[in-house]
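Take a look at the structure set out below.
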Amino acid sequence: MIKTGTASLEDEEMITRITFVNKICVVISVCILIIAPVVYFLTPKTSILIAIVIEFLVNNMVLFLNYKKWYKTAALTLFFLQCAAVVYFGTLMGAMLQLQFMVLFLISIIYLIFKETYLRKICLAAAILTLVLLETSYYYTNVITVSSSDALVIQSLAITGVMILILMVSKTYVVSNDSNKVLEKSNYFKRMFISKISHELRNSLAKTQWIAGLLKQDIQLDKPIHTIAPLVELLNYAASNAANIVNSVLSMSQIEAGIPDDIQRSPVVLKDFLQKIIAVDNIAARSRSIKIQPEIDPAVPEVMITDAFRLKEIVTNLLGNALKYSFRETTILLKVTATDSVLTLAVTNTGYSIPPDLQEKIFHAFTTHKGHQYIEGTGLGLFIVQNTLQQMSGTIRLDSNGPVTTFTITLPLVAGDPAAIQPEEDADTSITEFFDVSLHVLLADDDPMNTSILEKALQRIGCKVKSVHNGKEVLTATARYLPDIIILDNVMPEMDGIETVRHLKANARTKDIPVIIATAEGLTETLTQIKASGADAIMTKPYSINELKKHFNTLIPPVTGQLTGMSRP
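Using the UniProt record's numbering, you'd call the opening residue of the sequence shown number 1 and step up by one each time.
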C-alpha cells in the first residue's frame, strides 16, 4: 500500500514524496479505525459517525489517486481533508480534542509532500486559516458535552494519534539531516580521494611516458641492449607503482561500499614471495642508497596458505611507506617470525619519528606524515592495510621511538605442503609444448592497444589469434568457425562480456568453448555477476601471460589429437 503508484517511476525524490503521502494515509486510516469506535461509544452522535465514515473513505481515496498517477491531486486531497476534519471536529467537540497539534502536523508535512512553491504557499495559508477557525470554534462553540473522565479518554486518544503522526514526520526530518551529514562527509572524502589519487597516478604515468620516450630515442639511435636495460627496469617500476595505485582505488571502493571481498587462499612460498616484492622496491631503494634486508626466522614454514594478492598488497604498502619516510643510506628491516598459529611480520625503518598525536590517526584515510620535508602520497596505504588485515583476521601495531619506526602485523598461520607447489614457468615458455597444434584464440576487446599487446603476447607463445571489437562480433565470428578458447574484455560497446557469455553458453554449438573474461573491476558484485554468467575463468587486470597460460592449461587439458581450430566450419 505504501508503494502504491511508484512502480514505473525512476525519480527517487518523487518516489519518496509519493511514498510519504501513502504512509500518512495508511497511518490516519489505522488511527481512525482504532479511535473512532471509542469516541462514538462515549458520544453516540450520528453527526460524528457520518463524519468519521466520510473521512475514512475520502482518506483511502488518496491511495487510489496515487495508483492512477494523479499525484498532486492525491497530496492535495490528503492535506485539505485533514484541514476540513480539524475544523469540523473542533467545532463539534470543542477544546476537548486539542487539535492544535494536528495543525502543527499539517504545517510540518507541507515541505515533505509538495515540491512546487505555489502549492506550499497555498497549503501554508490553508493551515493558518484552519488554526484560526479552530481557535474561534473553541471560543464560541461546544456542541457535544461529556463527562470529565470520558473527555480525558477522548483527548488522550486524539493526542496519541497526532503524536504518532508527528513522530513519523520528525523521523523523516532527522533521517534527511543525517543523510545530509553523510553526504557532506562523502563529498569531502570524494574530493580528497580524487585529488590524492589523480596526483599520484599522474606522477606515475608521467614517469612512464618519460621513460618510454627515452627508450624510443635509444632504440632509434640503435644503442646496445645493456644501456637500455636500466630504463626498462625503471619503466617496470613506474608501471608497478601505477598498478599499486589502481589496486588501492579498487580496495578503497570496496571498503567504502562496505563490500567484504572473498578471501582466496592458496599455497605461497613465503621466501620467494617476499623476495619478488623486495626486488621491485629495490629499484626505488637504490636511488636513495637504502637497503631492504629480509630476515626470516627458521621457524617460519616454507609454505603458508594465505590470500597471496592481499598479502602482497599489505607488504607492498608497508615497504612503500617505509621507503618514503626513511633517511638516505639507511636499512629497512623486514623481519618474519612465527609461532604455531601466528605469523608476525615487522617492517622497521629509520627516519622522522611519528608524533603521538599523529600515531592515533595514522591509519585513517588520507593521513600522511610529512616530517621535515614534503613527501608525496595518497595517505591510503595504511588505511587499506588495516582494513585488509581485518578481513584476514589479522592485526597491525605501530611503534615509533625517536627515529626508529616499526609496523608489526600478525596473521593466522596455516602451513602448506611444499610438495604441492608447482614450479613457475618462464615467461618465454611456449604453450605449444603442451599441445600437438597451436591454440586458436578468439579475442574481443574494444581497446586497440590492449588488443595489439595481447595479440603479440599470445602469438609469442604459439597461439593463432583472431581479434574482434565487441560481443556482437564474437557471436558473428563463432557462427562461422569455432575457436579453442575465447578471451573477452568485460566492458565493451554493443554487447559487454557478461551478456556475450550468456549468449555463448545458451547456444548448443558454442556452450562448451572455454570463455575467459578480463576485467579491471575488482568489486565483488562485478565478479559475482561474471561468475553467474557462466564464464569459465576471470582475470583481473593487469594480468601476466603466465596467468593466462595457466588458465589455458586448466581449461584445455593436454590432448594428442587435433584441436577444434579456427578453420573448422
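For glycine and all other residues, C-beta sits at the position ideal for the given N, C-alpha and C.
If I follow the unbroken beta strand (DSSP E) through residue i, where does it start and stop?
{"i": "Leu63", "result": "Per DSSP, Leu63 belongs to no beta strand (DSSP E); it is in the alpha helix (DSSP H), Thr46 to Tyr67."}
{"i": "His440", "result": "His440 to Ala444"}
{"i": "Asn490", "result": "No beta strand (DSSP E) holds Asn490; DSSP gives it neither H nor E."}
{"i": "Asn349", "result": "Val342 to Thr350"}
{"i": "Ser452", "result": "Per DSSP, Ser452 belongs to no beta strand (DSSP E); it is in the alpha helix (DSSP H), Pro448 to Arg460."}
{"i": "Thr339", "result": "Unbroken run through Thr339: none, as it is neither H nor E."}
{"i": "Ala518", "result": "Val515 to Thr519"}
{"i": "Thr540", "result": "Ala537 to Thr540"}
Using the beta-carbon count (16 or more within 10 Å), is residue i buried or exposed?
{"i": "Lys549", "result": "buried"}
{"i": "Glu494", "result": "exposed"}
{"i": "Ala479", "result": "exposed"}
{"i": "Val501", "result": "buried"}
{"i": "Thr117", "result": "exposed"}
{"i": "Asn507", "result": "exposed"}
{"i": "Thr560", "result": "Here Thr560 scores only 38 on pLDDT, less than 50, and its place in the model is too uncertain to base an answer on."}
{"i": "Gly213", "result": "exposed"}
{"i": "Ser313", "result": "The amino acid occupying residue 313 in the given sequence is Glu; Ser does not appear at that position. By the 10 Å Cβ count, Glu313 comes out buried."}
{"i": "Ala284", "result": "buried"}
{"i": "Asn317", "result": "buried"}
{"i": "Val474", "result": "buried"}
{"i": "Val347", "result": "buried"}
{"i": "Glu12", "result": "exposed"}
In this structure, how does DSSP classify residue i when only helix, strand and coil are distinguished?
{"i": "Arg310", "result": "helix"}
{"i": "Ala299", "result": "coil"}
{"i": "Arg120", "result": "helix"}
{"i": "Ser8", "result": "coil"}
{"i": "Leu413", "result": "coil"}
{"i": "Met304", "result": "strand"}
{"i": "Ile396", "result": "strand"}
{"i": "Ile290", "result": "coil"}
{"i": "Thr406", "result": "strand"}
{"i": "Pro267", "result": "strand"}
{"i": "Asn470", "result": "coil"}
{"i": "residue 603", "result": "Since the first residue shown for the chain is 1 and the last is 569, residue 603 is missing from the structure and cannot be characterised."}
{"i": "Ser149", "result": "helix"}
{"i": "Ser326", "result": "strand"}
{"i": "Met163", "result": "helix"}
{"i": "Thr331", "result": "strand"}
{"i": "residue 584", "result": "Summary: the structure shown does not reach residue 584, with the chain confined to residues 1 through 569, and so no result is reported for it."}
{"i": "Lys464", "result": "strand"}
State yes or no: is the C-beta of residue i within less than 8 Å of the C-beta of residue j?
{"i": "Val86", "j": "Leu76", "result": "no"}
{"i": "Ala51", "j": "Tyr88", "result": "yes"}
{"i": "Gly394", "j": "Ile409", "result": "yes"}
{"i": "Val465", "j": "Gln459", "result": "yes"}
{"i": "Val336", "j": "Val280", "result": "no"}
{"i": "Asn470", "j": "Asp446", "result": "yes"}
{"i": "Leu442", "j": "Ala477", "result": "yes"}
{"i": "Cys25", "j": "Leu57", "result": "no"}
{"i": "Asn282", "j": "Ala322", "result": "no"}
{"i": "Gln293", "j": "Thr331", "result": "yes"}
{"i": "Ser47", "j": "Leu119", "result": "no"}
{"i": "Glu55", "j": "Leu33", "result": "no"}
{"i": "Leu78", "j": "Val21", "result": "yes"}
{"i": "Leu274", "j": "Leu334", "result": "yes"}
{"i": "Ser326", "j": "Leu413", "result": "no"}
{"i": "Gln386", "j": "Phe363", "result": "yes"}
{"i": "Gly90", "j": "Ser156", "result": "no"}
For the alpha helix (DSSP H) that contains residue i, what are its first and last residues?
{"i": "Gln100", "result": "Gln100 to Ile113"}
{"i": "Arg286", "result": "Leu270 to Ser287"}
{"i": "Asp357", "result": "Pro356 to Gln359"}
{"i": "Ile556", "result": "Premise fails: Ile556 is in no alpha helix (DSSP H) and is neither H nor E."}
{"i": "Thr77", "result": "Tyr71 to Met93"}
{"i": "Ile498", "result": "Gly497 to Ala506"}
If you drop the 5 nearest sequence neighbours on each side, which residues of the same chain put their C-beta closer than 6 Å to that of residue i?
{"i": "Phe101", "result": "Val162"}
{"i": "Arg17", "result": "Ile113"}
{"i": "Leu49", "result": "Tyr40"}
{"i": "Ile487", "result": "Leu443 and Ile516"}
Sorted by chain position, which residues of the same chain lie with C-beta nearer than 8 Å to residue i's C-beta, five sequence neighbours on each side aside?
{"i": "Thr531", "result": "Checking the displayed sequence, the identity of residue 531 turns out to be Lys instead of Thr. The answer, listed in chain order, is Ile538."}
{"i": "Val303", "result": "Pro267, Val268, Val269, Leu270, Ala415, Gly416, Asp417, Pro418, Ala420 and Ile421"}
{"i": "Asn401", "result": "Ser353"}
{"i": "Gln359", "result": "Leu398 and Ser400"}
{"i": "Thr526", "result": "Asn490 and Thr519"}
Please work out which residues of its chain come closer than 7 Å, Cβ to Cβ, to residue i, disregarding the five sequence neighbours upstream and downstream, and give them in chain order.
{"i": "Ala239", "result": "Thr208"}
Output yes if chain B places a C-beta closer than 8 Å to the C-beta of residue i; else output no.
{"i": "Lys531", "result": "As a matter of chain content, chain B is missing from the structure shown, which is built from one protein chain."}
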